[in-house]
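>
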Amino acid sequence: MDPFSKFYEKTYEERIKLLKDYAKLSDDEIALLAKETNLSIKTAECLSENIIGTFSMPLGIATHFVINGKNYILPMVIEEPSVVAAASNAAKLSEGFLASADDSIMFGQIQIVGVKDIKKTISEIKKNQKNLINKANSKDSVLVSLGGGVKDVKIRKISTDRGEHIIVNLIVDVKDAMGANAVNSFCESLKEDLEKISGGKVRARIISNLCVARLAKAKAVWLKEKIGEETIEAILDAYHFAKKDQFRCTTHNKGIMNGIDALAIATGQDFRAIEASAHSYAAFKRKYSPLTKYYKDNAGNLIGEIEIPLAVGVVGGAVRTNPLAKLCLKIANISSAKELAMSMACVGLANNFAALKALSTEGIQKGHMRLHAKNIAITAGASEDLVDKVAEIMVKENNICVARAKEIISELK
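Sequential numbering from 5 applies to the sequence shown in my numbering.
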């Protein structure tokens, strides 16, 4: 018999007891699972299923960000060394950021299959467009009262290996929400109406995470007097490498997402949706390309720009449930989805600049490993009172590895 049968029906205490017996966990290991951080077990059970504990990650702040003339400190949750420091340093070296964000327009998709007369059905759906919009909007009177809701319906035909399908796209203004729940509800609400109109079967009803109508853009200048002409040339060479080589471009864009994901996690966003949208947009109607671009102005200064789709929210979802996400938005002094999207775009650009600067000049590992030294010391078995000392010695020797850390620990003991 499966010991985890109907695990979801068990209380937290019952789950922990079962897990302790099954995985042969010690009392100390059980205590570690049960230890509550900023997120209580009760709140965690509202966010996910089969909860056995909560999981902590480092929370820091990126500093020196001036966006559209406003000063920001931006919370970032990430376990990778150097990302927060790199974002802060890039922002400090810049002349500030200019940013903009589109309205919060998302697409919902409804798939209809088994339609006998595609052309006639598309015409009938168009005739009923107003009624369909009103029916969908009746499902979220609050969003509609704020000026949001379904604004338009677009219809297209696609040819698949299983025949021709009609795709009904709902164009939805989700205002200050990420929008997934609202859009999915709108799509679900039209199933019966569309089956009646089409004579076919409605299958998938779901939001699209490729939010090409919800772009965030940012631009920054790095003066040649501050960073040096040779550094500018090195960054431009690295950027053009990414433009022409997909292997390099993938890592180029990953560096952008280091910062964006970190701010997204801190503020309770769906970072998986953000990641999917970003990489899809990098190949949208073109070869997979960098999400940033770099060039020199007439004075020889470096200009960096980013354009990226960002579906984020400051209301609903985990933002509402997770108290730390609320606190991080307060720390950042961000009050709208547009402002959050602009901040994310700036962090992404900053982290990308920092990565290009490091990898094309001193090398990406020098600064990264210096910050990673404490992790190496812990991995080697250093106690809390020895971690800083072991890391300091490795950095001074420029020999940061587990083997050397173990040697230092033995010497210090």
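Ideal Cβ positions, reconstructed from N, Cα and C, are used throughout, including at glycine.
Note that this is a predicted model, so its numbers are computed, not measured.
In chain order, what residues of the same chain have a beta carbon less than 8 Å from the beta carbon of D265, not counting five sequence neighbours either side?
So the qualifying residues of the chain are I82, F275, I278 and E279.
> If you draw a straight line from the C-alpha of K258 to the C-alpha of S163, how long is it?
If you take the alpha carbons of K258 and S163, they lie about 33 Å apart.
> So, using beta-carbon positions, are I109 and R218 closer together than 8 Å?
Yes; because the gap between Cβ atoms is below 8 Å, this pair is in contact.
> Please name the residue in Q273, A270, L214 and E229 whose C-alpha comes closest to that of K289.
Per the Cα distances, L214.
> What are the boundary residues of the beta strand (DSSP E) that A105 is part of?
First-last of the beta strand (DSSP E) with A105: F101 to A105.
> Thinking C-alpha only, which one of K400, I122, K131 and G152 is nearest K161?
With distances taken between Cα atoms, K161 lies closest to I122.
> Report the rounded CA-to-CA distance for Y243 versus L360, giving the unit in angstroms.
If I take the Cα positions, the gap works out to 7 Å.
> Can you list, in chain order, the residues of its chain with a C-beta nearer than 6 Å to that of I159? Leave out the 5 residues immediately preceding and following it.
Result list for I159: I126, I129 and V172, in chain order.
> Between the Cα of G203 and the Cα atoms of V178, I170, A222 and L174, which residue gives the shortest distance?
The shortest Cα separation from G203 among V178, I170, A222 and L174 belongs to I170.
> Shortest alpha-carbon distance to V146 belongs to which of K134, A186, G73 and I116?
Among K134, A186, G73 and I116, the Cα nearest to that of V146 belongs to A186.
> Between the segment 55-69 and the segment 314-325, do at least 3 Cβ pairs fall closer than 8 Å?
The segment 55-69 vs the segment 314-325: no contact.
> Could you give the distance in angstroms between the alpha-carbon of S60 and the alpha-carbon of G153?
Whole-angstrom Cα-Cα distance: 36 Å.
> For the beta strand (DSSP E) that T164 lies in, which residues bound it at each end?
Where T164 is concerned, the enclosing beta strand (DSSP E) stretches over G153 to T164.
> Decide yes or no for the touch test of the segment 76-94 against the segment 318-336: beta carbon pairs closer than 8 Å, at least 3 of them.
Taking 8 Å as the limit for Cβ pairs, the verdict is that the segment 318-336 does touch the segment 76-94.
> Applying the criterion that 16 or more other CB atoms from any shown protein chain within 10 Å of the CB defines a buried residue, is P7 buried or exposed?
Flag for P7 reads exposed.
> Does DSSP put V146 in a helix, in a strand, or in coil?
It is helical.
> Could you give the distance in angstroms between the alpha-carbon of K21 and the alpha-carbon of I55?
Cα to Cα, the separation comes out at about 13 Å.
> Under a three-way DSSP split, which group does M182 fall into?
It is coil, neither helix nor strand.
> Can you list, in chain order, the residues of its chain whose CB lies under 7 Å from that of H283, leaving out five sequence neighbours each side?
These residues qualify, in order along the chain: N257.
> Taking 7 Å as the cut-off, is the beta-carbon of I307 closer than that to any non-hydrogen atom of the ligand FMN?
Among the components of this structure there are no ligands whatsoever, and the ligand FMN is therefore not found.
> Count the other C-beta atoms from every protein chain shown that fall within 10 angstroms of the C-beta of N402, then say buried if there are 16 or more, exposed otherwise.
Exposed: under 16 other Cβ atoms inside 10 Å.
> Going by DSSP, name the residue or residues bridged to L78.
A66.
> Are the Cβ atoms of I137 and C350 separated by less than 8 Å?
Cβ atoms of I137 and C350: not closer than 8 Å.
> Reducing DSSP to helix, strand and coil, say where K342 ends up.
DSSP places K342 in helix when its eight states are reduced to three.
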